[in-house]
Amino acid sequence: MKITLDIAKFLLEAAEKKAKEMGLAENIAIVDDGANLVAFHRMDHAKIGGIDISQNKAWTSVALQMPTSNLSEAAQPGHPSFGINTTNHGRVVILGGGIPLKVGDTIIGGIGVSGGTSQQDIEVANAAIQALERLIQHNQARYLSYQTGSNQS
């Protein structure tokens, strides 16, 4: 599975819905497996500073193959990754809200959310992750029904 514009829009919609439920105005970015921007959405009244932050969170999650929240402690003084946020022309973000998008163990892209606290951004990003998981399950069920000849569409 690849992150297409349609899939990215689906994920943006799920993230925005969650942000609205939480009363947040978020910047939400979706990148592909090469960390290239596929789609971006700035909700009404979202902080403009979050535009680059959300895109860089998505980029970081793919480039380093982990949620950005995993970097927070490791990047502090005296820890093994101290200063990592100054690499890659400052693109590496160590705040929560960037999460790789996976199918099984394969990273197919990333999401970055900025506008709330790190924990709120993570919660909004996780809504998109859950939407992706539902999409994957739906596609697997559709594929299996096709393979067994029980596809009625």
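Heads up: the sequence shown begins at 1 in this note's numbering, then just goes up one per residue.
Even for Gly, the Cβ is constructed at its ideal location relative to N, Cα and C.
These numbers were taken from a predicted model, which means no experiment stands behind them.
Using only alpha-carbon positions, find the residue among the options that is nearest to residue i.
| i | options | result |
| --- | --- | --- |
| residue 157 | 2, 46 and 10 | Beyond the ends of the chain as shown, which are 1 and 153, falls residue 157; an answer cannot be given. |
| residue 20 | 46, 40 and 32 | 46 |
| residue 24 | 43, 33 and 60 | 43 |
| residue 31 | 82, 113, 81 and 118 | 113 |
| residue 125 | 18, 39 and 48 | 18 |
| residue 56 | 22, 139, 104 and 36 | 36 |
| residue 110 | 67, 73, 117 and 13 | 67 |
| residue 2 | 84, 89 and 104 | 104 |
| residue 39 | 136, 71 and 54 | 54 |
| residue 165 | 127, 139 and 138 | The question about residue 165 has no answer, for the chain in this structure spans 1 to 153. |
| residue 89 | 72, 59, 100 and 99 | 59 |
Under a Cβ-count criterion, where at least 16 other Cβ atoms within 10 Å of its own Cβ denotes burial, should residue i be classed as buried or exposed?
| i | result |
| --- | --- |
| residue 8 | buried |
| residue 86 | exposed |
| residue 132 | buried |
| residue 106 | exposed |
| residue 27 | buried |
| residue 153 | In this prediction, residue 153 scores a pLDDT of 48, lower than 50, which makes its location untrustworthy; no coordinate-derived value is stated. |
| residue 80 | exposed |
| residue 73 | exposed |
| residue 48 | exposed |
| residue 116 | buried |
How is residue i classed by DSSP in three states: helix, strand or coil?
| i | result |
| --- | --- |
| residue 47 | coil |
| residue 27 | strand |
| residue 90 | helix |
| residue 6 | helix |
| residue 35 | coil |
| residue 153 | Its pLDDT being 48, under 50, residue 153 is placed unreliably in this model, and the value from its coordinates should be taken loosely. In the structure shown, residue 153 sits in coil (DSSP, three-state: anything other than H, G, I, E or B). |
Give me the DSSP bridge partner(s) of residue i.
| i | result |
| --- | --- |
| residue 138 | In DSSP, residue 138 forms no bridge with anything. |
Please confirm whether residue i has its beta-carbon closer than 8 Å to some beta-carbon of chain C.
| i | result |
| --- | --- |
| residue 99 | Protein chains in the displayed structure number just one, and chain C is not present. |
Checklist line | Any alpha helix (DSSP H) of 4 or more consecutive residues that is wholly inside the segment 69-128 | finding: 71-74
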